[in-house]
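Line by line, the protein sequences are chains A and B.
So in the working numbering, spot 78 of the first sequence is number 90, and the numbers just go up one at a time.
So in the working numbering, spot 131 of the second sequence is number 143, and the numbers just go up one at a time.
Below is one structure, written out as structure tokens, with a few remarks after it.
There are 2 protein chains.
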Amino acid sequence: MSRDENIGRKDVSKRVERAHRILDVAAALILRWGYNKTTIDDVAREAGVAKGTIYLHWRTREDLFRALIRRERVDMAEEVKQSISQDPMGATLRGILKHLALVIMKRPLMKALLLRDLDVIGKLAHSGNDTFAYMEKLTGFNSYLETLRDHGLIRADLNLKAQMYIFNAIFMGFFLTMPLMPEGFTLSDDEIADLMAETVHCTLEGNLSISADDLKAVSLAFMQYLDHAVAAAKEHLQQELQ
Amino acid sequence: MSRDENIGRKDVSKRVERAHRILDVAAALILRWGYNKTTIDDVAREAGVAKGTIYLHWRTREDLFRALIRRERVDMAEEVKQSISQDPMGATLRGILKHLALVIMKRPLMKALLLRDLDVIGKLAHSGNDTFAYMEKLTGFNSYLETLRDHGLIRADLNLKAQMYIFNAIFMGFFLTMPLMPEGFTLSDDEIADLMAETVHCTLEGNLSISADDLKAVSLAFMQYLDHAVAAAKEHLQQELQ
DNA sequence: ATATGACTATTTATTCATATTTGGTCAATC
DNA sequence: GATTGACCAAATATGAATAAATAGTCATAT
Chain A
13 MSRDENIGRK
23 DVSKRVERAH
33 RILDVAAALI
43 LRWGYNKTTI
53 DDVAREAGVA
63 KGTIYLHWRT
73 REDLFRALIR
83 RERVDMAEEV
93 KQSISQDPMG
103 ATLRGILKHL
113 ALVIMKRPLM
123 KALLLRDLDV
133 IGKLAHSGND
143 TFAYMEKLTG
153 FNSYLETLRD
163 HGLIRADLNL
173 KAQMYIFNAI
183 FMGFFLTMPL
193 MPEGFTLSDD
203 EIADLMAETV
213 HCTLEGNLSI
223 SADDLKAVSL
233 AFMQYLDHAV
243 AAAKEHLQQE
253 LQ
Chain B
13 MSRDENIGRK
23 DVSKRVERAH
33 RILDVAAALI
43 LRWGYNKTTI
53 DDVAREAGVA
63 KGTIYLHWRT
73 REDLFRALIR
83 RERVDMAEEV
93 KQSISQDPMG
103 ATLRGILKHL
113 ALVIMKRPLM
123 KALLLRDLDV
133 IGKLAHSGND
143 TFAYMEKLTG
153 FNSYLETLRD
163 HGLIRADLNL
173 KAQMYIFNAI
183 FMGFFLTMPL
193 MPEGFTLSDD
203 EIADLMAETV
213 HCTLEGNLSI
223 SADDLKAVSL
233 AFMQYLDHAV
243 AAAKEHLQQE
253 LQ
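This is the structure we're talking about:
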């Protein structure tokens with residue numbers, strides 16, 4: 013490794029560190045004041061950099077916040093991956109749902125994004141309603157469901173599209189019901205996650221007896237996929253933050 | 013029956029008829045233009061009455077639309093009752109859910125109310141956020157669940173609060189997911205209703221074997237309750253429209 | 001080369017005056 | 001007595017003109 017590259021490396025790591033510091037501030041401010049009322053000046057001041065510095069990282073204000081969202085997603089994916097890998101049943105449908113739910117509940121920004129909380133994401137909701145990425149995610153999930161089905165880990169008497177819809181409805185339903193329940197009918201995050209998992213289990217996994225081999229195979233395939241996807245996303249993010 | 017009362021009757025029936033005509037127009041206009049942009053003048057013109065006449069029925073604009081919503085609820089309840097009574101399994105949890113869902117899907121106004129579609133209900137959403145009536149409905153549903161449980165028609169290994177939450181989450185989830193699914197992943201109303209029922213069945217009813225006696229008992233109790241509640245609501249509505 | 005913050009061109013918020021719409025009333029009419 | 005629609009006050013929309021806030025730039029400093 014030449015000296016030039018070394019120097020470059022050092023510079024880059026400093027830059028990335030600063031980018032993260034700025035995003036940290038942006039995350040705190042968007043949750044405190046909402047996207048519409050969070051200014052670049054605020055972010056710069058709180059992050060201890062000049063405004064111009066922020067524009068050395070991102071071309072526009074929106075770019076900055078979109079980067080924040082991407083980072084949030086990557087961090088979440090990493091956390092979910094860890095969580096799943098520690099649970100023998102983690103790669104089952106109910107496992108994924110439960111771990112995903114618990115991680116999201118701990119992350120106010122992800123929760124706000126999922127629930128489309130306009131107080132937080134404001135105009136960020138309208139612009140760039142990335143349906144392409146969404147479709148991509150859905151089709152990715154589709155192939156995961158196919159794998160599960162091939163290994164007998166979900167019911168075979170329901171078509172994929174239906175199972176897809178059911179999974180989505182349960183996922184969104186449990187989250188969206190949270191703020192709708194009146195006093196006395198609310199449940200804790202952990203209870204909700206468990207019930208979500210239970211619902212998916214009963215409806216999509218049925219009372220199929222899980223073969224250890226199939227579970228192992230699916231877990232391996234899924235973790236391998238997740239490892240790869242998360243690593244790529246992290247790499248991509250690192251690159252993006254230079 | 014004296015002649016006075018007869019004359020009164022006739023007048024009242026005319027009045028009620030007119031009230032319904034006005035509400036019909038209000039329903040059409042609120043769906044076409046939304047609450048905020050539907051004026052009393054519009055309603056009066058379309059209904060073929062003078063504006064003053066409307067104020068002979070309701071004290072304010074909001075009262076008119078709240079009456080419309082009450083009527084919609086009563087009509088819906090009546091329709092659900094009919095639908096359930098024709099289905100042997102109608103009074104089971106999955107039966108109720110399915111019939112309720114199908115009826116709502118056919119009623120744009122109910123759908124808009126359920127989904128809190130601000131384009132339709134506009135400022136009507138904020139004012140009078142009737143949590144009391146909501147609580148009442150929830151506790152009513154609670155006791156229905158208790159009856160089901162006593163007759164072994166739903167699982168006994170989940171507490172009522174949890175089952176309540178699950179039911180709500182499934183119900184809302186399937187409805188709210190409808191507009192969120194992209195092209196190619198959508199399902200028909202009937203498919204969605206069936207999947208909703210299936211989900212509730214798997215999760216809350218389990219694979220319990222239903223005793224014919226218990227089913228009969230629950231159906232009877234439920235239909236009796238529904239009959240009574242709907243009749244009272246209708247009576248109340250009739251009274252309200254004078 | 002990197003970072004800064006004063007600077008500017010836009011955007012957004014505020015104000016104020018005017019015009020229009022609309023909820024609700026009530027004297028006149030049927 | 002029931003119904004009407006002209007009428008009014010209040011609310012809402014429109015627009016101009018001004019002020020304030022803010023995104024993004026760039027000459028200068030480190």
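Ideal Cβ positions, reconstructed from N, Cα and C, are used throughout, including at glycine.
For residue i, tell me which candidate among the options has the shortest Cα-Cα distance.
{"i": "residue 199 of chain A", "options": "B:181, B:196, B:202", "result": "B:181"}
{"i": "residue 162 of chain A", "options": "A:25, A:226, A:96", "result": "A:226"}
{"i": "residue 206 of chain A", "options": "A:157, A:82, A:111", "result": "A:111"}
{"i": "residue 104 of chain B", "options": "B:245, B:88, B:230, B:252", "result": "B:230"}
{"i": "residue 153 of chain B", "options": "B:178, B:222, B:169, B:138", "result": "B:178"}
{"i": "residue 47 of chain B", "options": "B:189, B:188, B:132, B:155", "result": "B:132"}
{"i": "residue 197 of chain A", "options": "B:237, B:221, B:238, B:147", "result": "B:147"}
{"i": "residue 233 of chain A", "options": "A:244, A:174, A:26, A:97", "result": "A:97"}
{"i": "residue 164 of chain A", "options": "A:50, A:193, A:144, A:222", "result": "A:222"}
{"i": "residue 39 of chain B", "options": "B:77, B:248, B:63, B:23", "result": "B:77"}
{"i": "residue 185 of chain B", "options": "B:37, B:211, B:62", "result": "B:211"}
{"i": "residue 138 of chain B", "options": "B:172, B:85, B:74", "result": "B:74"}
{"i": "residue 246 of chain A", "options": "A:171, A:80, A:166, A:136", "result": "A:80"}
{"i": "residue 172 of chain B", "options": "B:204, B:151, B:72", "result": "B:151"}
{"i": "residue 195 of chain B", "options": "A:88, A:143, A:85, A:53", "result": "A:143"}
{"i": "residue 158 of chain B", "options": "B:217, B:45, B:44", "result": "B:217"}
{"i": "residue 29 of chain A", "options": "A:52, A:66, A:235", "result": "A:66"}
{"i": "residue 68 of chain A", "options": "A:136, A:27, A:156, A:187", "result": "A:27"}
{"i": "residue 208 of chain B", "options": "B:189, B:183, B:228", "result": "B:183"}
{"i": "residue 106 of chain A", "options": "A:37, A:189, A:243, A:160", "result": "A:160"}
{"i": "residue 51 of chain B", "options": "B:134, B:191, B:215, B:203", "result": "B:134"}
So which residues on chain A does residue i lean against when the C-beta distance must stay under 9 Å?
{"i": "residue 194 of chain B", "result": "143, 146, 147, 150"}
{"i": "residue 158 of chain B", "result": "None at all; the shortest Cβ gap to chain A is about 15 Å."}
Mind listing the chain A neighbours of residue i? Cutoff is C-beta to C-beta under 8 Å, in chain order.
{"i": "residue 258 of chain B", "result": "As shown, chain B starts at 13 and ends at 254. That puts residue 258 of chain B outside it, with no answer to give."}
Less than 8 Å between CB atoms is the rule here; does residue i satisfy it with respect to chain B?
{"i": "residue 177 of chain A", "result": "yes"}
{"i": "residue 237 of chain A", "result": "no"}
Can you pull the chain B neighbours of residue i, defined as C-beta to C-beta under 7 Å?
{"i": "residue 189 of chain A", "result": "177, 180, 181, 184"}
Closest Cβ-Cβ distance between residue i and chain A: below 8 Å?
{"i": "residue 207 of chain B", "result": "yes"}
{"i": "residue 203 of chain B", "result": "yes"}
Can you tell me whether DSSP reads residue i as helix, strand or coil?
{"i": "residue 254 of chain B", "result": "coil"}
{"i": "residue 249 of chain B", "result": "helix"}
{"i": "residue 138 of chain A", "result": "coil"}
{"i": "residue 238 of chain B", "result": "helix"}
{"i": "residue 232 of chain B", "result": "helix"}
{"i": "residue 96 of chain B", "result": "helix"}
{"i": "residue 127 of chain A", "result": "coil"}
{"i": "residue 222 of chain A", "result": "coil"}
Quick one: list the residues of chain B neighbouring residue i, beta-carbon separation under 8 Å, in chain order.
{"i": "residue 215 of chain A", "result": "210, 211, 214, 215"}
Would you check whether the ligand FAD has a heavy atom nearer than 7 Å to the C-beta of residue i?
{"i": "residue 43 of chain B", "result": "This structure lacks the ligand FAD; in fact it carries no ligand of any kind."}
Could you tell me which uninterrupted beta strand (DSSP E) segments, each at least 3 residues in length, are contained entirely in the segment 98-125 of chain B, listed from first to last along the chain? Complete beta strand (DSSP E) runs here, min 3: none at all.
In chain order, what are the residue ranges of uninterrupted alpha helix (DSSP H) at least 4 long that sit wholly in the segment 14-71 of chain A? Qualifying alpha helix (DSSP H) stretches, in chain order: 15-45, 52-59, 63-69.
Counting only runs of 4+ residues fully inside the segment 146-212 of chain A, write out the alpha helix (DSSP H) ranges in chain order. Counting whole runs of 4 or more residues, the segment 146-212 of chain A contains the alpha helix (DSSP H) stretches 172-189, 201-212.
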